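K.L.:
Under the numbering used here, the letters of the sequence shown match residues 27 to 122, in that order.
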Amino acid sequence: VISPVPLINLHRIGFTVYNVFFSAVAQGKSARQSIVRSLVAAPEVMWVGEFGGEYHYGVAFCARRPANVIEFLHKLSRQHKDMFLEKAVSLTISST
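1) Is it right to say Ala-125 is buried, meaning 16 or more other beta carbons lie within 10 angstroms of its own, or is it exposed?
2) If you draw a straight line from the C-alpha of Glu-70 to the C-alpha of Leu-36, how long is it?
3) Alpha carbons only, please: which of Ile-34, Lys-107, Tyr-44 is nearest the one belonging to Arg-58?
4) Less than 8 Å between the C-beta atoms of Val-62 and Val-115, yes or no?
5) What does the alpha-carbon distance come out to for the pair Ile-96 and Tyr-44?
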C-alpha cells in the first residue's frame with residue numbers, strides 16, 4: 027500500500043544529513059544490540075539500518091556542522107570500545 031509521507035528538506039533550514047555506514051568489531055549479539063540501542067536513543071540519529079555485506083550497519087545523522095557528527099562518533103566510540111572496523115560516509119545536501 028502506498029501512502030503519502032511528509033518530507034522536510036533539512037538543507038533549507040541549515041542541516042545536512044550525514045550517512046555513516048560501518049562494520050562493527052563488537053563480538054556477540056549483546057554487544058551489537060547495545061550499539062544499536064545507543065544509536066536509536068540518540069536524538070541526532072534519523073534512522074538506523076542493519077545490513078548484510080561489506081557494512082553491517084548504516085546510520086543517518088542530522089547536523090548543522092561536520093564537527094557535530096565527529097563529536098558524536100567519538101562519544102559513541104568511547105562508550106563502545108573497538109566499535110568501528112571500517113567506515114564510509116556520504117552526505118545528503120538536498121531533498122526534493
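Even for Gly, the Cβ is constructed at its ideal location relative to N, Cα and C. As the structure is a computational prediction, the values presented were derived from the model and not from experiment.
P.N.:
The answer reads as follows:
1) Given a span of 27 to 122 for the chain in the structure shown, any question on residue 125 remains unanswerable.
2) 13 Å
3) Lys-107
4) no
5) 10 Å
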